[in-house]
Amino acid sequence: MPALLTENNFECRVSSVLNKNVQSYGKTYMFDNCSETCWNSDAGSPQWVLISFENECGLSSFEVEFQGGFAGKNCHIEAVLLAQARG
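In terms of the working numbering, the sequence shown opens at residue 6 and continues consecutively.
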């Protein structure tokens, strides 16, 4: 797991979980360092992942990996300071 995620407190929210089965397909599997597991969303669009860090932190790059031959059709990435987003 990248240092950014191990060295900073964060929360993660996702749009859906396949068949609502968080035990097998939940968001925690995005961060478990196991190539055999992953988050699985329900079918349909849009799907999203929101990662909120407790404190501001630097980010120079990131990677998204799709499993099983799937790929995002339209991917959109945002980074905002929560204070600015709340307005």
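No residue lacks a Cβ here, since even glycine has one placed at the ideal position from N, Cα and C.
Cut-off 7 Å between Cβ atoms - residues of its own chain near residue i, not counting five sequence neighbours on either side
{"i": "Y34", "result": "T42, C43, W44"}
{"i": "S21", "result": "S46, D47, Q52"}
{"i": "G74", "result": "none"}
Selected residue, minimal CA-CA separation from residue i, among the options
{"i": "E83", "options": "A48, S66, L23, D47", "result": "S66"}
{"i": "H81", "options": "C62, N60, E61, Q52", "result": "Q52"}
{"i": "V69", "options": "F36, L23, S29, F15", "result": "F36"}
{"i": "T11", "options": "G77, N24, N38", "result": "N38"}
{"i": "V54", "options": "P7, C17, L9", "result": "C17"}
{"i": "S40", "options": "P7, A76, Q72, K78", "result": "Q72"}
Residue i - DSSP class collapsed to helix/strand/coil
{"i": "E12", "result": "helix"}
{"i": "L64", "result": "coil"}
{"i": "S40", "result": "coil"}
{"i": "N24", "result": "helix"}
Terminal residues of the alpha helix (DSSP H) in which residue i lies
{"i": "V27", "result": "27-30"}
Boundaries of the beta strand (DSSP E) in which residue i is found, first to last residue
{"i": "S20", "result": "Neither: S20 is in no beta strand (DSSP E) and is coded neither H nor E."}
{"i": "V54", "result": "54-58"}
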